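What follows is a single structure, written as structure tokens, with notes after it.
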Amino acid sequence: MKILFVVGHSKSSPGYYSPILKVSEYIYASEVAAYLSCVGEVYKHPDTRGYTARMEKLAEYANPRKYDLIIELHFNGYDNKDNGKGVGCETVHYPGSSSIEYGKKLCEAVSKKYEVKNRGAKEAKKGDRGLLFLDMLEAPCLIFEPFFGDESEALKFEDHKKLAKVITKALCD
Ligand SMILES: [Zn+2]
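Using this note's numbering, you'd call the opening residue of the sequence shown number 4 and step up by one each time.
If you want it as structure tokens, here you go:
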């Protein structure tokens with residue numbers, strides 16, 4: 004299986020900062036991705052201004068290369084829908100995408116290994132962050148959010164190599 008791991012966000016726009024791990028999504032995902040380079044390719048967004056431009060560049064890169072699966076690595080921040088009390092692991096996929104199967108596998112593996120809530124493989128809805136990423140890429144894609152960076156559960160995820168191993172096992176077993 005040909006997999007592309009995309010590091011979420013970019014150097015100049017590094018995403019959510021976890022006050023628990025004291026690290027941004029971009030730096031954290033870069034560390035995890037470094038351990039995933041043996042199972043897939045790793046892509047980092049260039050410091051292009053704006054989300055749409057970054058996604059266009061990614062689509063230009065990834066679409067001709069015909070990946071079987073593309074996973075963008077993130078972690079969650081404050082959960083608006085749950086009064087900021089959201090916890091656990093989730094993935095997001097484009098409606099109808101076959102990537103749901105891998106989303107389920109990843110959520111199950113992470114929630115078991117780390118004893119965190121399984122929020123499940125979710126379908127992206129109109130207006131969701133990340134819908135463009137899922138829409139512009141031809142390969143089945145996932146947004147991967149293994150934990151909430153503002154909750155104490157984040158401490159369990161300090162070891163980048165461990166998370167990379169859990170991801171690898173979930174995808175390749
Ligand atoms: Zn993010």
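Where is the CB? At the ideal position from N, CA and C, for every residue including glycine. These figures come from a predicted structure and were not determined experimentally.
Whole-angstrom C-beta distance between residue j and residue i, which should lie under 8 Å
i      : j      : result
Leu76  : Ala32  : 4 Å
Ala65  : Ile73  : 6 Å
Tyr202 : Leu145 : Because the chain is modelled from 4 through 176, residue 202 falls outside the range shown and cannot be assessed.
Tyr70  : Ile6   : 6 Å
Leu135 : Tyr97  : Rounded, the Cβ-Cβ distance is 10 Å, inconsistent with contact.
Ala79  : Phe147 : Per the sequence shown, residue 79 should be read as Asn rather than Ala. That belief does not hold up - the Cβ atoms of Asn79 and Phe147 are roughly 10 Å apart, past 8 Å.
Ala173 : Lys108 : 5 Å
Tyr224 : Gly11  : Look at the range of the chain in this structure, 4 to 176, and you will see that residue 224 is not part of it.
Straight-line gap, residue i to residue j (C-alpha atoms, nearest Å)
i      : j      : result
Gly91  : His48  : 26 Å
Phe8   : Val95  : 15 Å
Asp85  : Arg122 : 12 Å
Ser13  : Thr171 : 23 Å
Met4   : Gly152 : 30 Å
Ile103 : Leu24  : 29 Å
Pro17  : Tyr54  : 12 Å
Val113 : Phe160 : 10 Å
Phe26  : Tyr20  : The question names Phe, but residue 26 in the sequence shown is Val. Distance between the alpha carbons of Val26 and Tyr20 is about 6 Å.
Pro1   : Ser155 : Residue numbering for the chain in the displayed model covers 4 to 176; residue 1 lies beyond these limits and cannot be assessed.
Val35  : Lys164 : 6 Å
Ala127 : Gly99  : 10 Å
Glu111 : Arg52  : 35 Å
Leu140 : Gly89  : 28 Å
Ser101 : Lys120 : 23 Å
Gly115 : Pro67  : Correcting the residue type first, residue 115 is Lys in the shown sequence and not Gly. Each residue's Cα considered, the two are about 36 Å apart.
Leu158 : Ser15  : 25 Å
Ala56  : Cys41  : 28 Å
Asp176 : Val169 : 11 Å
Gly133 : Asp162 : 26 Å
Ala167 : Asp82  : 24 Å
Glu93  : Gly130 : 18 Å
Closer than 5 Å between the C-beta and any heavy atom of ligand 1: which residues qualify, listed along the chain? Gly11, Gly18, Glu28 and His77
I'd like the ranges of any beta strand (DSSP E) spanning at least 3 consecutive residues and lying wholly in the stretch 37-81. 44-47 and 72-76
Can you list, in chain order, the stretches of the alpha helix (DSSP H) that have 4 or more residues and sit fully within the stretch 6-41? 28-37
Quick one: complete beta strand (DSSP E) runs, 3+ long, within the stretch 110-163? 121-126 and 144-148
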